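Remarks on the structure that follows.
In the numbering used here, the protein residues as written are 4 to 140.
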């Protein structure tokens, strides 16, 4: 029989290493969960969409129509108009978007399902609704 004697100092170091390993594993698991929960829709909603924005409150223009492109769940401007679109579509179809241009900015949210969607928007002084239709790949 072999008898192994380990000093209390070595045991304390081993326990500390185990605690560090556990903490690292917990951090990796948390990051993995965050990444998977913030994943984007991917090809399910990819393509060009026509968006109609209507003002329901405030003195903003009554309506706008513009194209957006969704690629790997990320939104971009698909037209020639000088504005910037940023946002993302979740795998569930939930969408968040910010449109900015000419010194103004508006935020919106809603949901896409199949080839259509809708939601609401606001810029602080105006607000309304939006609808979207998929137009192509």
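All C-beta atoms in this analysis are idealised placements derived from N, C-alpha and C, irrespective of residue type, glycine included.
These figures come from a predicted structure and were not determined experimentally.
Straight-line CA distance for residue i to residue j?
i           : j           : result
residue 108 : residue 82  : 18 Å
residue 106 : residue 133 : 21 Å
residue 118 : residue 51  : 10 Å
residue 76  : residue 55  : 20 Å
residue 101 : residue 136 : 18 Å
residue 3   : residue 86  : Here the chain covers residues 4 to 140 and nothing more, so residue 3 does not appear.
residue 63  : residue 47  : 33 Å
residue 129 : residue 68  : 17 Å
residue 40  : residue 91  : Note that residue 40 scores a pLDDT of 42, beneath 50, so its modelled location is shaky and nothing firm can be said.
residue 93  : residue 60  : 28 Å
residue 74  : residue 125 : 24 Å
residue 95  : residue 113 : 11 Å
residue 104 : residue 80  : 11 Å
residue 71  : residue 78  : 7 Å
Tell me whether residue i is buried or exposed, calling it buried when 16 or more other Cβ atoms sit within 10 Å of its Cβ.
i           : result
residue 111 : buried
residue 84  : exposed
residue 139 : exposed
residue 127 : exposed
residue 120 : buried
Using DSSP's beta-bridge definition, name the partner residues of residue i.
i           : result
residue 96  : Paired residue(s): none; residue 96 is not in a bridge.
residue 128 : In DSSP, residue 128 forms no bridge with anything.
residue 136 : 53, 119
residue 111 : 100, 124
residue 75  : Answer is none; residue 75 lacks a bridge partner.
residue 90  : 100
residue 46  : Looking at the DSSP assignment, residue 46 forms no beta bridge with any residue, so it has no partner.
residue 66  : 57
If contacts are defined as beta-carbon pairs under 8 Å, then residue i and residue j qualify, I think. What distance do you get, rounded to the angstrom?
i           : j           : result
residue 115 : residue 98  : 6 Å
residue 58  : residue 122 : Rounded, the Cβ-Cβ distance is 14 Å, inconsistent with contact.
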